[in-house]
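Visitor: Order-wise, the sequence lines are chains A and B. The numbering of the first sequence is UniProt numbering, which starts it at 1 and goes up by one. The numbering of the second sequence is UniProt numbering, which starts it at 1 and goes up by one.
Protein chains: 2
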Amino acid sequence: MATSSSPAARRGPGAKSAERRRSIVDAAHAVFAERGYNAGSFQAVADRVGMSQTGLLHYFPTKSDLLLAVLQRRDEVSNAATDPSAGFAESVLLTAQANERIPGVIQLYAVLCGESTTADHPARAYFTTRFERLRAGTADELRALQREGVLSRHVDVTIAAASLAALWDGLQLQWLLAPEEVDVVACLRDYLDALFARP
Amino acid sequence: MATSSSPAARRGPGAKSAERRRSIVDAAHAVFAERGYNAGSFQAVADRVGMSQTGLLHYFPTKSDLLLAVLQRRDEVSNAATDPSAGFAESVLLTAQANERIPGVIQLYAVLCGESTTADHPARAYFTTRFERLRAGTADELRALQREGVLSRHVDVTIAAASLAALWDGLQLQWLLAPEEVDVVACLRDYLDALFARP
DNA sequence: ATCTATTTCGAGTGATCACTCGAATTTGAT
DNA sequence: ATCAAATTCGAGTGATCACTCGAAATAGAT
């Protein structure tokens, strides 16, 4: 079926396309993190990649396309970085700790998350479904821990799931504005310890 | 010293200035909440007020001035709305409940808060000091409750203060994206109840 | 070597941006 | 009525925006 040697290259060149796209997405990630979506421009991304603005448009015909590609890659990277051997609370704290080394990722998340609540923002659907899945997934994990007897049955897992996500995001936001004064991991550990210590 | 009858009117007319400024700030509040600072334009504010764009510039010579006026008024309003007779946890929950009736205020806060983490944003200093004061003020109140014996001495009030602010903001963000699925007050109550129930 | 699809870009397009300038109008104290 | 200050705006200014168009360069399969 596939006469070409490369995986996704269907016809002519197309081989460098994948690399190019990746480097563009990386540059766009940085630009959107620094400036946000509205204030971030094609020109700024093009300058960073080292190509013309119109060259970009060959790969991503609209600005919205470029943003969605950035968000999609963000998911792929963060999914790949998850350690499946760690327990629930443990993996939350490990991820939070790892995030402090890549402030650009947190920055992008915080900016776009706020922007996405505005009218007609291309990332609104992304964040809406992201939060939905995050809450549902966390609630499922907490229910499993209740079945194991690790977490009290009196805990409302729906409330705890929303609260944990909210706490995490809010702490990262405060941390971006005052990294010396806010300890994200300590606050999350405090919350989780108290949660699992409930009667 | 003051020959004029009105309070702050120093010379000629100047009386309608105060009203005008207020209506402009109100319009700007709505525009910045809907679109954010970067995407919100003088023209949009002018249209809402019903005057020319250049007319606005007489009152607020730069866009940054307009934004800071909006934030300043936000503080005045919210400070005036605080009920001093309520206890700590009670007043948090009352405020959160009241906020659900004015989503525009929450929306403005969420958008600008995220935007403010970007480079050279005019609201960055505002949010940085706001969080500092909020954390310090909450920590003080919690310490007082520890002295009264209402709150366990084992609670780290610095962590609890940052966590409460973070939780609150994060919940409001999720609520903006899914008002039917996230109950801000219930989550805050759950956190506060657990906090005061700690041994 | 040929040919075709891919990649790249220069040169615009109209729109909108924050902001300037200078003048007209309005206003209120005198 | 007079006059100066306050208010309003029309007409720009240059910059930047996302995006179009058409053509040149490039590269890979044959």
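For every residue, glycine included, the Cβ atom is placed at its ideal position computed from N, Cα and C.
Might you give, ordered along the chain, the residues of its own chain that have their beta carbon closer than 6 Å to the beta carbon of leucine 66 of chain B, omitting 5 neighbours on each side?
Guide: Walking along the second sequence from the start, residue 66 of chain B turns up at place 66. These residues qualify, in order along the chain: Ala28 and Phe60.
Visitor: Whole angstroms is fine: what's the gap from phenylalanine 32 of chain A's alpha carbon to alanine 69 of chain A's?
Guide: Position 32 of the first sequence, counted from the first residue, corresponds to residue 32 of chain A. Position 69 of the first sequence, counted from the first residue, corresponds to residue 69 of chain A. Cα to Cα, the separation comes out at about 12 Å.
Visitor: Measuring CB to CB, does phenylalanine 127 of chain B end up less than 8 Å from leucine 177 of chain A?
Guide: Taking the first residue of the second sequence as 1, we reach residue 127 of chain B at position 127. Taking the first residue of the first sequence as 1, we reach residue 177 of chain A at position 177. Yes, the pair counts as a contact, with Cβ atoms nearer than the cut-off.
Visitor: Might you give, ordered along the chain, the residues of its own chain that have their beta carbon closer than 6 Å to the beta carbon of serine 4 of chain B, omitting 5 neighbours on each side?
Guide: By one-based count along the second sequence, residue 4 of chain B stands at place 4. Interpretation of serine 4 of chain B is limited by its pLDDT of 34, a score under 50 that renders its predicted location unreliable; no figure is taken from the coordinates.
Visitor: Check whether the Cβ atoms of arginine 124 of chain A and alanine 165 of chain A lie closer than 8 Å to each other.
Guide: Reading the first sequence from its first residue, position 124 is the one you call residue 124 of chain A. Reading the first sequence from its first residue, position 165 is the one you call residue 165 of chain A. No, the Cβ-Cβ distance between arginine 124 of chain A and alanine 165 of chain A is not below 8 Å.
Visitor: Check the Cβ of arginine 198 of chain A against every Cβ in chain B and list those closer than 7 Å, keeping chain order.
Guide: As a working note, residue 198 of chain A is residue 198 in the first sequence. By Cβ distance, chain B contributes Ala194.
Visitor: Does any residue of chain B have a CB that is nearer than 8 Å to the CB of serine 163 of chain A?
Guide: Here residue 163 of chain A corresponds to residue number 163 of the first sequence, with the count starting at 1. Yes, serine 163 of chain A lies at the interface with chain B (some Cβ there is under 8 Å from its Cβ).
Visitor: Any heavy atom of the ligand PLP within a distance shorter than 7 Å of the CB on valine 185 of chain B?
Guide: Absent from the structure shown: the ligand PLP. Ligands present: none.
Visitor: Figure out for me which residue from B:Ala144, B:Asp190, B:Ile102 and B:Thr138 has the closest Cα to the Cα of alanine 160 of chain B.
Guide: The sequence position of residue 160 of chain B within the second sequence is 160, counting from 1. The shortest Cα separation from alanine 160 of chain B among B:Ala144, B:Asp190, B:Ile102 and B:Thr138 belongs to B:Thr138.
Visitor: Write down the C-beta distance between glutamate 100 of chain A and valine 184 of chain A rounded to the nearest angstrom, noting that I regard them as a contact closer than 8 Å.
Guide: Residue mapping note: residue 100 of chain A aligns to position 100 of the first sequence, counting from 1. Residue mapping note: residue 184 of chain A aligns to position 184 of the first sequence, counting from 1. Correct: roughly 7 Å between the Cβ atoms.
Visitor: Roughly how many angstroms lie between the CA atoms of alanine 39 of chain A and glutamate 115 of chain B, to the nearest whole one?
Guide: Walking along the first sequence from the start, residue 39 of chain A turns up at place 39. Walking along the second sequence from the start, residue 115 of chain B turns up at place 115. If you take the alpha carbons of alanine 39 of chain A and glutamate 115 of chain B, they lie about 10 Å apart.
Visitor: Please state whether the Cβ-Cβ distance between arginine 35 of chain B and threonine 118 of chain A is less than 8 Å.
Guide: Here residue 35 of chain B refers to the residue found at position 35 when the second sequence is read from its first residue. Here residue 118 of chain A refers to the residue found at position 118 when the first sequence is read from its first residue. Their beta carbons are under 8 Å apart, which means arginine 35 of chain B touches threonine 118 of chain A by this criterion.
Visitor: Looking at chain B, is there any beta carbon in it that lies within less than 8 Å of the beta carbon of threonine 128 of chain A?
Guide: Your numbering for residue 128 of chain A matches position 128 in the first sequence. Yes, its Cβ sits closer than 8 Å to a Cβ of chain B.
Visitor: Apply the 10 Å Cβ neighbour rule to glycine 149 of chain A and answer buried if 16 or more other Cβ atoms are within range, or exposed otherwise.
Guide: Position 149 of the first sequence, counted from the first residue, corresponds to residue 149 of chain A. By the neighbour-count rule (16 or more Cβ atoms within 10 Å), glycine 149 of chain A is not buried but exposed.
Visitor: Using the beta-carbon of each residue, which ones in chain A are nearer than 7 Å to residue 201 of chain B?
Guide: A query on residue 201 of chain B cannot be resolved here, the shown segment of chain B reaching from 1 to 199 and no further.
Visitor: For leucine 145 of chain A, I'd like the list of residues in its chain whose CB is within less than 7 Å of its CB, leaving aside the five on either flank, ordered along the chain.
Guide: Working through the first sequence from its first residue, we reach residue 145 of chain A at position 145. Once the five neighbours on either side are set aside, the close Cβ partners of leucine 145 of chain A are Phe88 and Leu151.
Visitor: Residues of chain B with CB closer than 7 Å to the CB of aspartate 169 of chain A, please, in chain order.
Guide: The sequence position of residue 169 of chain A within the first sequence is 169, counting from 1. Per Cβ cutoff of 7 Å: Gly170 and Leu173.
Visitor: Output the residue ranges of the alpha helix (DSSP H) runs that lie fully inside the segment 70-107 of chain B and measure 4 residues or longer, sorted by chain position.
Guide: Whole alpha helix (DSSP H) segments, 4+ residues: 88-99.
Visitor: Could you tell me whether the Cβ atoms of residue 203 of chain A and alanine 162 of chain B are closer together than 8 Å?
Guide: Limits of chain A in this structure are 1 at one end and 199 at the other, which puts residue 203 of chain A out of reach.
Visitor: What does the alpha-carbon distance come out to for the pair threonine 62 of chain B and isoleucine 24 of chain B?
Guide: Taking the first residue of the second sequence as position 1, residue 62 of chain B is located at position 62. Taking the first residue of the second sequence as position 1, residue 24 of chain B is located at position 24. In a straight line, the C-alpha of threonine 62 of chain B is about 13 Å away from that of isoleucine 24 of chain B.
Visitor: Mapping DSSP to helix, strand and coil, what is phenylalanine 60 of chain B?
Guide: As a first step, residue 60 of chain B must be located in the second sequence, where it is residue number 60. Phenylalanine 60 of chain B: coil per DSSP, three-state reduction.
Visitor: Taking 8 Å as the threshold (C-beta atoms), are leucine 56 of chain A and alanine 46 of chain A in contact?
Guide: The residue labelled residue 46 of chain A in the question sits at position 46 within the first sequence. The residue labelled residue 56 of chain A in the question sits at position 56 within the first sequence. Result yes, Cβ atoms of alanine 46 of chain A and leucine 56 of chain A sit closer than 8 Å.
Visitor: So that I know if they touch, is there some Cβ in chain A lying closer than 8 Å to that of aspartate 140 of chain B?
Guide: Along the second sequence, one-based indexing puts residue 140 of chain B at 140. Not one chain A Cβ lies under 8 Å of aspartate 140 of chain B.
Visitor: Closer than 7 Å, Cβ to Cβ, to anything on chain B: give me those residues from the segment 20-46 of chain A, in chain order.
Guide: Within the segment 20-46 of chain A, the qualifying residues are Glu34, Arg35, Gly36, Asn38 and Ala39.
Visitor: Taking 8 Å as the CB-CB limit, is glutamate 132 of chain B close to chain A?
Guide: Mapped onto the second sequence, residue 132 of chain B falls at position 132. With 8 Å as the cut-off, glutamate 132 of chain B counts as an interface residue toward chain A.
Visitor: Give me the chain A residues within the contact set of isoleucine 159 of chain B, using Cβ-Cβ distance strictly less than 7 Å, ordered along the chain.
Guide: In the second sequence, the residue the question calls residue 159 of chain B occupies position 159. Within 7 Å Cβ-Cβ: Ala186, Cys187 and Asp190.
Visitor: Tell whether a beta-carbon distance below 8 Å holds between phenylalanine 196 of chain B and glutamine 174 of chain A.
Guide: As a first step, residue 196 of chain B must be located in the second sequence, where it is residue number 196. As a first step, residue 174 of chain A must be located in the first sequence, where it is residue number 174. Against a cut-off of 8 Å, the Cβ pair of glutamine 174 of chain A and phenylalanine 196 of chain B comes out as no contact.
Visitor: Which residue wins for smallest C-alpha separation from aspartate 156 of chain A, given the options A:Arg198, A:Ser41, A:His121 and A:Phe42?
Guide: As a working note, residue 156 of chain A is residue 156 in the first sequence. If we check each option's Cα against that of aspartate 156 of chain A, A:Arg198 comes out closest.
Visitor: Hey, glycine 170 of chain A and aspartate 190 of chain B: beta-carbon distance below 8 Å or not?
Guide: Looking up residue 170 of chain A in the first sequence gives position 170. Looking up residue 190 of chain B in the second sequence gives position 190. No, these two residues do not count as a Cβ contact at 8 Å.
Visitor: Listing by chain order, which chain B residues have their CB less than 8 Å from the CB of aspartate 83 of chain A?
Guide: Taking the first sequence and counting its residues from 1, the one referred to as residue 83 of chain A is at position 83. What aspartate 83 of chain A touches in chain B: nothing, since even the nearest Cβ is about 24 Å away.
Visitor: Over the uninterrupted alpha helix (DSSP H) stretch that includes serine 163 of chain A, give me the two end residues.
Guide: Taking the first residue of the first sequence as 1, we reach residue 163 of chain A at position 163. Start and end: 157-177.
Visitor: Using the Cα positions of valine 49 of chain A and arginine 21 of chain A, report the straight-line distance between them to the nearest angstrom.
Guide: Locating residue 49 of chain A in the first sequence gives position 49, counting from the first residue. Locating residue 21 of chain A in the first sequence gives position 21, counting from the first residue. Distance between the alpha carbons of valine 49 of chain A and arginine 21 of chain A is about 10 Å.
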